[in-house]
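Q: Take a look at this one; I'll ask things after.
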């Protein structure tokens, strides 16, 4: 168990809908990262927050947004969902915003858009 | 452009034999290199990293990796494979700028009994 908790584990929704994925980082970790894993795109970095502030942005669509709350949990909001958004979404956390330290991953949320 | 390549989609090895999973990188500046493993229906687990110092890095579960600056490689190795090592392995590099961590496409390792 990595200590990173993601809910829900599975989510099935229809095209055009909006969903929120939730992540609780390891205790004491200030950095939260979101990744999307799909068969055709591999593991893609979406966005990073550090202590409540956006720190880095990757291949995140404009339909997607995220935030990190004062208690350090994070939410990833996906709107106007398309079939192609079906993927496994991972959250990871690390104690600091340093290139030298590893991240700890949650078990992911599997999103299926029908 | 900064990138990570895992040239093999799949590696097959017999239990007890040594295994190598290859990774090459292209970054500007000093590379910070990582290996992660993903078991079915699980998140990625950290195995080992190279930051600086000794080119041979030892990690979890008996894995090690060798950093080779001239060949820009960071191959993952294990002297004796176990069936339980069968999983998806990702090489990653952490970079400055907008894409903090770049992952390779992953290599699926099959260890046959």
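Residue numbers (our numbering), protein chains in the order written: chain W, 10 to 123; chain H, 6 to 118.
Even for Gly, the Cβ is constructed at its ideal location relative to N, Cα and C.
Remember, predicted model here, so these are calculated numbers, not experimental data.
If contacts are defined as beta-carbon pairs under 8 angstroms, then residue 13(H) and residue 77(H) qualify, I think. What distance do you get, rounded to the angstrom?
A: Not confirmed; about 17 angstroms, so no contact.
Q: Which same chain residues, not among the five before or five after residue 117(W), have their C-beta less than 7 angstroms away from its C-beta?
A: Closer than 7 angstroms at the Cβ level, and outside the excluded window around residue 117(W), lie 15, 97, 98 and 99.
Q: Beta-carbon within less than 6 angstroms of residue 68(W)'s beta-carbon, same chain only, minus the 5 sequence neighbours each way: which residues are those?
A: Result list for residue 68(W): 53, in chain order.
Q: What three-state label does DSSP hand residue 8(H) in the structure shown?
A: It is a strand residue.
Q: For residue 115(W), return the contacting residues in chain H, with the cut-off set at a CB-CB distance below 7 angstroms.
A: Correct list: 48.
Q: Ignore the nearest five residues each way along the sequence and tell me which others in residue 110(H)'s own chain have a CB closer than 7 angstroms to its CB.
A: Cβ within range, chain order: 11.
Q: Which residues, in chain order, does the region 75-99 of chain H contribute to contact with chain W at a C-beta distance below 8 angstroms?
A: Residues 95 and 99.
Q: Smallest Cα separation from residue 88(W): which of 40(W), 57(W), 25(W) and 21(W)?
A: Closest by alpha carbon: 25(W).
Q: Could you tell me which of 61(W), 66(W), 91(W) and 65(W) sits nearest to residue 80(W), measuring between CA atoms?
A: The candidate whose alpha carbon is nearest that of residue 80(W) is 61(W).
Q: How would you list, in chain order, the residues of chain W whose beta-carbon sits under 8 angstroms from the beta-carbon of residue 106(H)?
A: Those are 42, 54 and 112, listed as they occur along chain W.
Q: Return the residues of the region 50-84 of chain W that lie within a Cβ-Cβ distance of less than 9 angstroms from chain H, sorted by chain order.
A: Per Cβ criterion, the list reads 51, 52, 53, 54, 57, 64, 65, 66, 67 and 68.
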